[in-house]
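A.B. asks: Going by this note's numbering, the sequence shown opens with residue 6, and the numbers climb by one from there. Ideal Cβ positions, reconstructed from N, Cα and C, are used throughout, including at glycine. Quick caveat, the model's predicted, so the values are computed rather than measured.
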Amino acid sequence: MTLPFFPIWFVDIFGSITMIILSFLCLSVVLELKRSDPYNVIWTYLLWLCFGLAAFAISRSAGHILKQQLLFSEREFIWDSIRPFSGAINTLTFVFVASVTLFFERIWKIHQQVLKDKQDLQSAHEKLFYLNQNLEDLVAKRTESLAASESKYRRIFEVSKDMILVSKKDGLIVDMNPAGYKMLGYNESEFLGKKKYFQNVFAKDANWTIIQKTLEKMGFISSFEIELKRKDDSRIHCLLSGSLDRDSSETENTIHFLVKDIEQRKLIENQMAQTDKLASLGQLSAGIAHGINNPLGIILGYTQLLIRDEDVENEKYADLKIIEKHAKSCRSVVEDLLNFARSSQTEKEAISIHEAMDEVLNFIQHHSELYNIEIEKDYDTNIPPLLLDEKKIKQALMNLIMNAKHAVGKSGTIRLSTAYNRSTSQVTIKIADTGCGIEKKNISRIFDPFFTTKPTGEGTGLGLSVSYGIIKNHGGNISVESEPGKGTTFSVVLTAASRNLGG
Numbered sequence: 006m007t008l009p010f011f012p013i014w015f016v017d018i019f020g021s022i023t024m025i026i027l028s029f030l031c032l033s034v035v036l037e038l039k040r041s042d043p044y045n046v047i048w049t050y051l052l053w054l055c056f057g058l059a060a061f062a063i064s065r066s067a068g069h070i071l072k073q074q075l076l077f078s079e080r081e082f083i084w085d086s087i088r089p090f091s092g093a094i095n096t097l098t099f100v101f102v103a104s105v106t107l108f109f110e111r112i113w114k115i116h117q118q119v120l121k122d123k124q125d126l127q128s129a130h131e132k133l134f135y136l137n138q139n140l141e142d143l144v145a146k147r148t149e150s151l152a153a154s155e156s157k158y159r160r161i162f163e164v165s166k167d168m169i170l171v172s173k174k175d176g177l178i179v180d181m182n183p184a185g186y187k188m189l190g191y192n193e194s195e196f197l198g199k200k201k202y203f204q205n206v207f208a209k210d211a212n213w214t215i216i217q218k219t220l221e222k223m224g225f226i227s228s229f230e231i232e233l234k235r236k237d238d239s240r241i242h243c244l245l246s247g248s249l250d251r252d253s254s255e256t257e258n259t260i261h262f263l264v265k266d267i268e269q270r271k272l273i274e275n276q277m278a279q280t281d282k283l284a285s286l287g288q289l290s291a292g293i294a295h296g297i298n299n300p301l302g303i304i305l306g307y308t309q310l311l312i313r314d315e316d317v318e319n320e321k322y323a324d325l326k327i328i329e330k331h332a333k334s335c336r337s338v339v340e341d342l343l344n345f346a347r348s349s350q351t352e353k354e355a356i357s358i359h360e361a362m363d364e365v366l367n368f369i370q371h372h373s374e375l376y377n378i379e380i381e382k383d384y385d386t387n388i389p390p391l392l393l394d395e396k397k398i399k400q401a402l403m404n405l406i407m408n409a410k411h412a413v414g415k416s417g418t419i420r421l422s423t424a425y426n427r428s429t430s431q432v433t434i435k436i437a438d439t440g441c442g443i444e445k446k447n448i449s450r451i452f453d454p455f456f457t458t459k460p461t462g463e464g465t466g467l468g469l470s471v472s473y474g475i476i477k478n479h480g481g482n483i484s485v486e487s488e489p490g491k492g493t494t495f496s497v498v499l500t501a502a503s504r505n506l507g508g
C-alpha cells in the first residue's frame, strides 16, 4: 500500500516553514532579553543557542522544501547531488549548538565565581565604607578604651606596695614604680635619663645569673628569695617573681618583675628561732646551774670556815682568800645562769622609764670609769609611766649600757634616747655607742648565752641573754643594728599600760 504524496508534502513544507518562524520568534525574544540585561550570562547563552537553532531551522527547512520541489518536478538526480551538502550543514549546526552548551558550563562556573567575588568585593566595599564613615568614632572609642586600661594598670603600678620593675633582658631598667624607689632608698630623679641595671642592686651576683637562666628555660620565675642592696648599702630580704614579655613577633623584649619586701617576715622568723633556741638553752642552763650550785655552796662555805681559823699573816690564809674569790665569781656566773633560765613572776608597777635609766647610769658612773666617755640624752617627755618590774628592767638596762661602755673603750659617745608612738602605744628605748661595732657574722648570735667577743675572763657572755629574756618577759622586743668601726645601737620596744603582759 502506498501513502498519498500530498499529505507528506504538506506536512514537510508546513513543518519546515513553522520551524523557521518559531526559531526566529525565539531569537527575537532572546534579543529583547539581552538588550534589557546585556551582561546576563543566561541570556547570552540562550542568544547563541537561538542563533544555532535558527541556522539549523533555515538549513533543514530550505533543504526539505528544495527536496520536495525537485521531487515534484521529477529532478531527483539534482537532490541526490546536493543532499550531502545539506546534511553537512545540518551536522555543523548541531555541533555548534552542542559546543555552545558545553562551553556554557565552563562559562557558568566562571560566572558563579565572578558573582561570588563580586559579592565579596561588595561586602568588603560596604565594610570599608562603614569603617570610613565611622573611623573617627572607632578610633576615639579604642583610644578611650586603651586610656582606661592604661589608667587602671598605671594606678596599680603606682599604688602597689611591692616593687614593680620592667627591664630589658640584659637587666637595663625601663620603668620602676614608687614602691621600688622607696624600697631601694632612691629618688626617682636619680634614675631618670640614666642607664641603671637591676643586677647592680643584687647583694649576690650569682642570683642574677640564676634568674636569667630560669627565665630563658621556663619563661618565668616565682618566689625566688634574694637580698637587694639599698642606697645606704644596707641589705633587704625580698621574694622575686618575674616573666618574659614577648612582642607580636614572639621576640622576647622585656622582663616584668614583682619584688616583695619580706624583711619583717625574716625578722619574725629569726626572733622565733632565737626564742626557741634560748628556751632550749635555758632548760640546759638551769640543769647545769643547779648541778653546780650545791657543790659550789659547800666549797664556799668550808673555805669561809677555814679562813676564820687562819691568821691573816699566814700564807694559807691568802690561798683560802683566792679560793673564796673565785668561788664567789663562779657563784655569780651560776646566778646569771639561773636568772637567764628562770621565768620568774614579774612584779610590775608604774615607773618612769627615764628615772630608771638615770639611776642605772648614775650607778655605772660611780662604779666605772666614764671620764672620757660622753653621755648624750634625748628623752621624749611625752612618755607615760610604764608598768614594769623595776628591778629587772634596771638589770636589763644595766647590761645594755655596760655593753656600750665596753664597746667604746676609754673614749667615745654613748647616746640614750626614747620615743613614744601614741598610735601604737609603744615606747622605744635606744642605747647607741660609737664603739668598735659588731661583725655581721656575730649579729645573729649576739643574744646567745655564753657568746662573747671579749677576752677570756672579762665576761660570761650572759648579760645580753639575760636582758633579752627580761624584755621578752615584759612583752617587748629587743633588736640590734651595728656597723663595724662605727658603732652599735640596741633598740628596746615596750608597750605602755599593758597590765596583762609579762608574768
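Give every residue of the same chain whose Cβ lies closer than 7 Å to the Cβ of E255, excluding the five residues on either side of it in the sequence, and list them in chain order.
C.D. replies: The predicted model places E255 with a pLDDT of 49, which falls under 50 and marks its position as unreliable; any figure quoted below should be read in that light. No residues qualify anywhere along the chain.
A.B. asks: I'd like the ranges of any alpha helix (DSSP H) spanning at least 4 consecutive residues and lying wholly in the region 215-259.
C.D. replies: Counting whole runs of 4 or more residues, the region 215-259 contains no alpha helix (DSSP H) stretch at all.
A.B. asks: Rounded to the nearest angstrom, how far is the Cβ of D363 from that of S422, given a contact under 8 Å?
C.D. replies: Not really, about 13 Å apart at Cβ, beyond 8 Å.
A.B. asks: With H, G and I counted as helix, E and B as strand and the rest as coil, what does DSSP make of A152?
C.D. replies: Helix at A152.
A.B. asks: Around the Cβ of H130, are there at least 16 other Cβ atoms within 10 angstroms (buried) or fewer (exposed)?
C.D. replies: Classification for H130: exposed.
A.B. asks: What does DSSP give as the partner residue(s) for F207 in the beta ladder?
C.D. replies: Answer is L233, bridged to F207.
A.B. asks: Between the C-alpha atoms of N298 and D324, what's the straight-line distance to the nearest angstrom?
C.D. replies: N298 and D324: Cα-Cα distance of roughly 22 Å.
A.B. asks: Between which residues of its own chain and F229 is the CB-CB distance below 6 Å, once the five residues before and five after are set aside?
C.D. replies: Around F229: L245.
A.B. asks: Between A208 and chain B, is there a C-beta pair that is closer than 9 Å?
C.D. replies: This model lacks chain B altogether; it includes just one protein chain.
A.B. asks: Using only alpha-carbon positions, find the residue among D438, D122, L36 that is nearest to N408.
C.D. replies: If we check each option's Cα against that of N408, D438 comes out closest.
A.B. asks: Evaluate K132 with the Cβ neighbour count: other Cβ atoms within 10 Å of its Cβ, from every protein chain shown; 16 or more gives buried, anything less gives exposed.
C.D. replies: Label assigned to K132: exposed.
A.B. asks: Considering only the alpha carbon of each residue, which of V179, K218, K326, A152 lies closest to Y307?
C.D. replies: The residue with the shortest Cα to Cα distance from Y307 is K326.
A.B. asks: Please look up how many angstroms separate the CB atoms of G440 and A401, rounded, as I've assumed it's under 8 Å.
C.D. replies: With 8 Å as the limit, G440 and A401 do not qualify as a contact, their Cβ atoms being about 19 Å apart.
A.B. asks: Could you tell me which of Y376, P389, I378 sits nearest to E360, measuring between CA atoms?
C.D. replies: E360 has its Cα closest to that of P389, out of Y376, P389, I378.
A.B. asks: Is A145 helix, strand or coil when you go by DSSP?
C.D. replies: The answer is helix: DSSP assigns A145 an H, G or I state.
A.B. asks: Per DSSP, what kind of secondary structure is L54 in: helix, strand or coil?
C.D. replies: Correct three-state label for L54: helix.
A.B. asks: When the distance is taken between beta carbons, is I241 closer than 9 Å to E274?
C.D. replies: No, they are not a contact pair.
A.B. asks: Counting C-beta neighbours from all protein chains within 10 Å, is the total for H371 16 or more, i.e. buried, or is it exposed?
C.D. replies: By the 10 Å Cβ count, H371 comes out exposed.
A.B. asks: Quick one: what's E488 bridged to in DSSP?
C.D. replies: Paired residue(s): G492.
A.B. asks: Taking only runs of the beta strand (DSSP E) that begin and end inside the region 173-200, which ones reach a length of at least 3 residues, in chain order?
C.D. replies: You should have 178-181.
A.B. asks: Starting from G417, follow the beta strand (DSSP E) in both directions and report where the run begins and ends.
C.D. replies: Its beta strand (DSSP E) spans residues 417-426.
A.B. asks: Which one of P43, I18, C55, S21 has the shortest CA to CA distance from E29?
C.D. replies: Looking at the sequence shown, residue 29 is not Glu but Phe. Minimum Cα distance to F29 is reached at C55.
A.B. asks: Give every residue of the same chain whose Cβ lies closer than 7 Å to the Cβ of L301, excluding the five residues on either side of it in the sequence, and list them in chain order.
C.D. replies: Within the same chain, L301 has close Cβ partners A332, C335, R336, V339.
A.B. asks: Could you check if I115 is buried or exposed, using at least 16 other CB atoms within 10 Å of its CB as the buried criterion?
C.D. replies: I115 should be labelled exposed.
A.B. asks: Three or more beta-carbon pairs under 8 Å between the region 152-165 and the region 192-205, yes or no?
C.D. replies: Contact between the region 152-165 and the region 192-205 is absent, because fewer than three Cβ pairs lie under 8 Å.
A.B. asks: According to DSSP, simplified to helix, strand and coil, what is Y307?
C.D. replies: Three-state DSSP puts Y307 in a helix.
A.B. asks: Roughly how many angstroms separate the alpha carbons of F203 and A152, rounded to a whole number?
C.D. replies: F203 and A152: Cα-Cα distance of roughly 29 Å.
A.B. asks: If you draw a straight line from the alpha carbon of I231 to that of V365, how long is it in whole angstroms?
C.D. replies: Approximately 42 Å, taken between the alpha carbons.
A.B. asks: Considering only heavy atoms of the ligand MN, does any lie closer than 8 Å to the CB of S194?
C.D. replies: As presented, the structure is devoid of all ligands, the ligand MN included, so that no description of it is given.
A.B. asks: Tell me which residues share the same chain as S487 and place their Cβ nearer than 6 Å to its Cβ, disregarding the 5 neighbours each side in the sequence.
C.D. replies: The answer, listed in chain order, is G442, I443, T493.
A.B. asks: Judging by CA-CA distance, which residue of K218, Q217, W213 is the nearest neighbour of L233?
C.D. replies: For the residues K218, Q217, W213, the minimum Cα distance to L233 belongs to W213.
A.B. asks: With DSSP as the reference, please indicate the residues paired to V471 in a beta bridge.
C.D. replies: According to DSSP, V471 bridges with nothing at all.
A.B. asks: Compare the Cα-Cα distances from I26 to each of G480, L58, W48 and report the closest residue.
C.D. replies: The shortest C-alpha separation from I26 is found at L58.
A.B. asks: Under three-state DSSP, which class holds T23?
C.D. replies: Residue state, collapsed to three classes: helix.
A.B. asks: For V485 versus S470, is the C-beta distance shorter than 9 Å?
C.D. replies: Result no, Cβ atoms of V485 and S470 do not sit closer than 9 Å.
A.B. asks: Does the beta-carbon distance from I476 to D394 come in below 9 Å?
C.D. replies: No, these two residues do not count as a Cβ contact at 9 Å.
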